[in-house]
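First the structure, in the form of C-alpha cells, and then the observations on it.
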C-alpha cells in the first residue's frame, strides 16, 4: 500500500490529468470488448467465454496488416473485419450446435476455444512478445492539459470508442435491424414465426460482438505488447465490467468500463500489488448489494 | 433444469430406501477393499511414477468430486471452487512452515480455517442464482488469488511458498517418505469419497437434488434453500481443501496457480469429462485428464490445442461426460433386451 502516492497525485493537477486519461483509455478498450460480450449475452443468452480471443486476434491481425501495408487505417479495418468473420464462423459452426444444451456445455465449448485459439496464435506468430509500434502519423508532440501529458493517439482511441458506443446505441434503438435484434433477444420464437431467420441474427450479433472486440484489440496494438494469452486478462476484466454494469445493458457496460478503468489507473498508485484485487472487491460489493448489476433488470 | 439432470432425478427416486444399514455396511466394505487394492499397488508395481500419479489423482479427485456435489447434485455452477483448493494448500503450508505444529494439528486447523472462510463467502454467494453465482464465486477466487500475490511477506507473492514444507514424522508416519505419503493420500481419498458418497445418499443429499430440479417447490414444502445450499457449499469446500493439503504435501510447497481461477475451470472440465450424473464420474474424469495432460505434454508443445479438440469432442460430439454416456448406453441396452425378451 502506498497511500501517500495516491493522495499526492490527487493533489496535483498534472498527475490527475495523466491518470484520468489513462483510466479512460483502459476503460474505453474494456468497453468495446465488454459491449460485445453483453450484446451476445443479451441476444443469444450465451456467456461467450472465448471473447478475449477476439481481442487478441484483432491485435494480431492489425499488426500483420500494418507490417505488410504500412497503413494504420487498413490495420484497424483488418482487425475489425477479420474478427467479425471469425465470430460468424465460430457461431455458425460451433456455438449454434450447443444452444439447446446445458450452460456447462456452452462454457466448455468456449473454454476449448480459449485453449485452441491461444495455441493457434502461438503457432502462427510465435510465443514471444510482439509490438506493432506507434504509426508515424501519431508520433507527434503530445498535448499538455493542465500540466498533464496526453498523447494524441489516446484521444483518437477514446473518440473511436465513444463513436462506436453511440452508433451501436442509436442503431439498436432506432433502426429496423436494431428492432429485430431487440425483438429476437426478447422472444426468438415470435421473431422466427414472423419469417425472420433467427440463425442469421444470431450469427450477425456474434460477428458484431467479435468485431467490437477485434477493434479494441487493433486499437490497443500500438500501445500494448502482443502475446498469446493476452485476451485472457481482458476477458476477465470485461466480465467484471458486464457484471457490474448489468448483463445485457450497453449503458451499464459503458459506466462499468469507466469505473474499472479509473480503479485500475488510480489503484495502481495507491495499491500497486493489489490493483486487481480492488476490481474484484468492487465487483463483490456491487453484486452483493445489487445482484443483477447497476443497470441490470431484476429477474423475477 | 436439463435433460441429463432431470433423468438423474428420476433415476434417483427409483433407488430403494429400505435397508440403509446394509447399504452402509456394503459401502464400508467397498471402501476398505479399494483402499487395500491401492495400498498393495506399490508391492506389485515398483514404479515411482505410478505412485506420484495416484497421489495427484487423490488431490484432484477429492477436489473434482467435491465440486460435483455443487454442480451435479445442487445445480450450483461454482467458478471459484479452486479457492478452497488453494486455501488448503497455503493454509497447511504456512502452518507447517511458521508454527511447527504436528501434521494432524495443522490438518485440522486448515480445515477449520476453510470452514470459516467458506461460511462467510458462501453466505454471500448462495443468495445469487445461476450465472451470477458463477461470477461472484469467480470474483472471490480472484480476490484470494490477488491477496496471495500481494501479501508477499506472508505468502512469497508470485514465487509461492518455497523452501519446502517441513513434514515431521507423527505416530510412525513419515510423510517425507514417498510410500508413506502415498498410503496417507490413498487413505484420505478413500475416506473423503466415502463421506461424500454418504452425504450424496443421505436425505440431505436428496434435498439438494430437489433444490437443483425445482428450488421454488423445495421452499414451498418448507425447506430452507439458502441454508441447504450454504451447508453443501461449506462441506464441499472442506473436501476441496483436503485435496489442496495433499497437493501441498506432494510438491512440498504452494503456488499462486493453486488458487487461480483456471483450477476451477479444470475442475469443471474434469466433471464434464467424467460426467456429472454419477458419483464416480469426476474420479474417472480426473484420471482421464491427468493421463491426457501427461501424454499430450510429452508429445507436443501445443498442449492446449489437443486438449481443446478433446473437449470439443465431448461437448459437441457426446454432449455428456464419459460415465454419463456409459450409464445411458447400458440402460438403453438393458431396455431393448427387456423388450425383446
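Residue numbers (full-length UniProt numbering), protein chains in the order written: chain A, 1 to 300; chain B, 1 to 341.
We treat Cβ as the ideally placed atom computed from N, Cα and C, and that holds for glycine.
{"query": "Near-chain A residues of the region 154 to 177 of chain B (beta-carbon distance less than 8 Å), N- to C-terminal order", "result": "157"}
{"query": "Residue 146 of chain B: contacting residues in chain A (beta-carbon distance under 9 Å)", "result": "273, 274, 275, 276, 277, 278, 279, 280 and 281"}
{"query": "Below-9 Å beta-carbon distance, residue 292 of chain A vs any chain B residue", "result": "yes"}
{"query": "Contacting residues, own chain, Cβ-Cβ under 6 Å from residue 27 of chain A (five flanking each side not counted)", "result": "257, 258 and 261"}
{"query": "is_contact[residue 361 of chain A, chain B] using C-beta, thresh 9 Å", "result": "Here chain A has residues from 1 to 300 only, and residue 361 of chain A is not among them."}
{"query": "Range of the contiguous beta strand (DSSP E) that encloses residue 145 of chain A", "result": "143 to 145"}
{"query": "Environment of residue 159 of chain A [buried if 16+ CB atoms lie within 10 Å]", "result": "exposed"}
{"query": "Neighbour flag for residue 276 of chain B against chain A, beta carbons, 9 Å", "result": "yes"}
{"query": "Three-state class that DSSP yields for residue 177 of chain A in the structure shown", "result": "helix"}
{"query": "DSSP bridge partner residues for residue 170 of chain B (one or two, in chain order)", "result": "B:173"}
{"query": "Integer-rounded CB distance, given that residue 277 of chain B should sit under 8 Å from residue 324 of chain B", "result": "5 Å"}
{"query": "As assigned by DSSP and simplified to three states, the class of residue 149 of chain A", "result": "strand"}
{"query": "Beta-carbon proximity of residue 104 of chain A to residue 268 of chain B, cut-off 9 Å", "result": "yes"}
{"query": "Beta carbon proximity, residue 130 of chain B to chain A, threshold 9 Å", "result": "yes"}
{"query": "Expected contact under 8 Å - CB spacing of residue 283 of chain A and residue 263 of chain A to nearest Å", "result": "Contact flag wrong, Cβ pair sits at about 10 Å."}
{"query": "Where residue 194 of chain A falls: helix, strand or coil (DSSP)", "result": "coil"}
{"query": "Pairwise C-alpha distance: residue 104 of chain B and residue 79 of chain B", "result": "30 Å"}
{"query": "Run of the alpha helix (DSSP H) containing residue 130 of chain B, from where it starts to where it stops", "result": "130 to 150"}
{"query": "Distance between residue 9 of chain A and residue 150 of chain A (C-alpha atoms, nearest Å)", "result": "16 Å"}
{"query": "Nearest-angstrom Cα separation, counted from residue 156 of chain A out to residue 185 of chain A", "result": "32 Å"}
{"query": "Reference residue 310 of chain A, options A:240, A:287 and A:225, closest by Cα", "result": "Residue 310 of chain A lies beyond the stretch modelled for chain A, which goes from 1 to 300, so this question has no answer here."}
{"query": "Which of helix, strand or coil DSSP assigns to residue 67 of chain B", "result": "helix"}
{"query": "Contact with chain B by residue 138 of chain A, beta-carbon distance below 9 Å", "result": "no"}
{"query": "Coil, strand or helix - residue 254 of chain B by DSSP", "result": "strand"}
{"query": "Spatial distance of residue 75 of chain A from residue 211 of chain A (CA atoms)", "result": "13 Å"}
{"query": "Same chain only: Cβ atoms within 7 Å of residue 91 of chain A, ignoring 5 sequence neighbours per side", "result": "202, 203 and 206"}
{"query": "Spatial distance of residue 307 of chain B from residue 295 of chain B (CA atoms)", "result": "11 Å"}
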